[in-house]
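Data first, discussion second: the structure below is written as structure tokens.
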DNA sequence: ATAGTTTCTGAAACCGGTTTCCTTTTCTGC
DNA sequence: GCAGAAAAGGAAACCGGTTTCAGAAACTAT
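Here you go:
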């Protein structure tokens, strides 16, 4: 059974392809009600569905976007993806999901492939990425929305979604200070990442604001994964500073710390208080439930897709840069406790 | 800057479009080395990249697949997706990721959209699905690979990946019996799902094999999510049977049980032993680490993509049904303990 | 009745590739 | 040196839509 094409519909309705196309899209001129009926009828009878491929080629729009994340397995991304997808679905967009696996090379290959597929836009949410990606996208004038990354280059069609870590981290610090903590540790993300440095700096800065000197802070570099947290804990415990509170760069790292603490016979929060960052659904499921600096995960995804739609809808010459900022907020659960 | 097309390359190399196409694809006839060089040169100089869209339209192949999962947030799917993606990436395929959100309607809409996009194949890994999906795909002769679902209809282009729960569940039961347990509970998935009934039946069957009668088993229906496990525990505790061991339909449910047990002051495994099913990375991170019936998550994804490739490569008339079976295996961690 | 609009529709070009078909060129072997 | 086969590559049709352009039909105003 050959596939039904627009030509079949046109023949059955006794009109031209152009008319069928017009009926379907509503654009370009007027259609007599009677004709419209005939066409709609034929479409229905034949169960015709237009080929997105042909449509894309002709119209230069694919109704498709790509999203690059480090790893779908990270619940943070899962939430973001949901947000993107829900809005995309509503507007008839499909989503290529791509895991970079924290690998810049692979990411670039993916970007190239997305360009070849002529996606209408790309979301870059991979924590490790490279300016090359943006450069390639830009060269092909494919708009992109980038999460939490300072774009340092000339890039007209790039929207940024910035995360204001300051607010939430300030709250976290004040919370810990209030509980009487005086010596701290931070398990950061890979310090090659600006976002990791941002979080670390914000933490250190607000500690300073509260009279805590740098020499009361241990910083250990992690990897944003469980493993990093697990490995970091012994290092922190061995430090002469003897921190009583740990702030991790994300929830996964905190999860690693919780696991390691059990093995090391350290009680959380009695011996050490712990604050994560992300607030994925996992945070509430940990034992004890994790106090964490919450990012609006789902909302970030939603906002990203909405931003892309905005870019796609605006006129060609309006290329003002869009920059959105989302805030963060401390969610207190049970991994933080008063330190006597 | 207009996009570079095959025509530009042809002009620059002083050959016809056909030749350029042949050089790129290697098929159809012979090319003189000298000509090939000229073309390759032009391609390089112009940084030409062929449009996948045009290519798809002409060749009727999109190098694209779609995958339907219930929810990316579930670590089980995350692993499967990784498996699919890695193989897909290797072979130059891209992946539309679609969350059905456990909603059959939405799933059908997604399937339709994938058909319109003329994907080369579809993976159905959503726990709740409908025969309509397969019917639509079939009508458009789009091959599909279905995970853990008994296809009850005429469906030539459908491959199945079955999961042999028997083996692992048998091990789980024997493990529990060996530990001295005599009274059991099972938190199932929605019993409208065949896969949920399978797991339940296998559990009950093997208990019977070990001399445990039905009246020593409590069955509570869950939802394969954390919430279901949380809600089920009180019900189990209230039962006159007083089970000492719980087997859950998946790890997420087990996670819910662990959470609820803490609130109910029940110790796991001292008071109640717990066995999950899936063995996502989460299992090992729970507290205590979860004993669980392991599915080869990543391998399932890999196998699925490999199976699809096999279908796509075989000749048109060879339509024998492919059925793969993967096995399961008990992984013992720390949620099961001897019952005195 | 006629000119001037406005409404409606079809023919054909086009999007950027692939593939068929056929012609030309280059090799073989004798 | 020539016939026949093999190698090489071009012209054009095609994939299934969209969009331009122009002409026909229907409607207004005079």
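Protein chains in written order, with my numbering: chain A, 1 to 340; chain B, 1001 to 1340. Cβ coordinates follow ideal geometry from the N, Cα and C atoms, glycine included. As the structure is a prediction and not an experimental result, all values here were calculated from the model.
Its Cα nearest to that of residue 142(A), the residue 114(A) stands out among 114(A), 328(A), 129(A).
Not one beta carbon of chain B lies nearer than 8 Å to the beta carbon of residue 301(A). Taken through DSSP and simplified to helix, strand or coil, residue 1177(B) comes out as helix. For residue 1273(B), the enclosing beta strand (DSSP E) covers residues 1273–1278. In this structure residue 1222(B) touches residue 1189(B) by the C-beta definition: roughly 6 Å separates them, less than 8 Å. Fully contained in the segment 60–134 of chain A are the following alpha helix (DSSP H) runs of length 4 or more, in chain order: 75–90, 104–116. The beta carbon of residue 79(A) falls within 8 Å of a beta carbon belonging to chain B, placing the residue at that interface.
Assigned with DSSP and collapsed to three states, residue 239(A) falls in coil, not helix or strand.
Bridge pairing for residue 1186(B): 1219(B), 1247(B) [DSSP]. Closer than 9 Å at the C-beta level to chain A, one finds these residues of the segment 1104–1123 of chain B: 1106, 1109, 1110, 1112, 1113, 1114, 1115, 1116, 1117, 1118.
Using a CB distance cut-off of 8 Å, residue 281(A) counts as an interface residue toward chain B.
If you draw a straight line from the Cα of residue 5(A) to the Cα of residue 248(A), it comes to about 56 Å.
Residue pairing for residue 161(A): DSSP places it in a beta bridge opposite 147(A), 324(A). At a C-beta separation below 9 Å, residue 1082(B) has these neighbours in chain A: 71, 72, 73, 99, 101.
Using a CB distance below 9 Å, the part of the segment 1241–1265 of chain B facing chain A consists of 1255, 1256, 1258, 1259, 1262, ordered along the chain. Residue contact check for residue 1285(B) against chain A: a CB pair falls below 8 Å. In the displayed model, residue 270(A) falls within coil according to three-state DSSP, outside both helix and strand. Contact between the segment 160–180 of chain A and the segment 315–334 of chain A is established, with three or more Cβ pairs separated by less than 8 Å. The shortest CA-to-CA distance from residue 301(A) to any of 186(A), 312(A), 322(A), 146(A) is the one to 146(A). Secondary structure note for residue 1306(B): its alpha helix (DSSP H) is the uninterrupted segment 1297–1313.
Taking CB atoms only, residue 85(A) has a neighbour in chain B less than 8 Å away. In this structure, DSSP gives residue 1224(B) a state outside helix and strand, which the three-state scheme calls coil. From the beta-carbon of residue 1054(B), the residues of chain A found nearer than 8 Å are 57.
In this structure, the straight-line span from the alpha carbon of residue 86(A) to that of residue 52(A) is close to 20 Å. Sixteen is the threshold: when 16 or more other Cβ atoms of the shown chains lie within 10 Å of the Cβ of residue 1225(B), as they do, the residue is buried. Close to residue 226(A), with beta-carbon spacing below 7 Å, are these residues of chain B in chain order: 1285.
The alpha-carbon of residue 1010(B) is positioned some 11 Å away from that of residue 1036(B).
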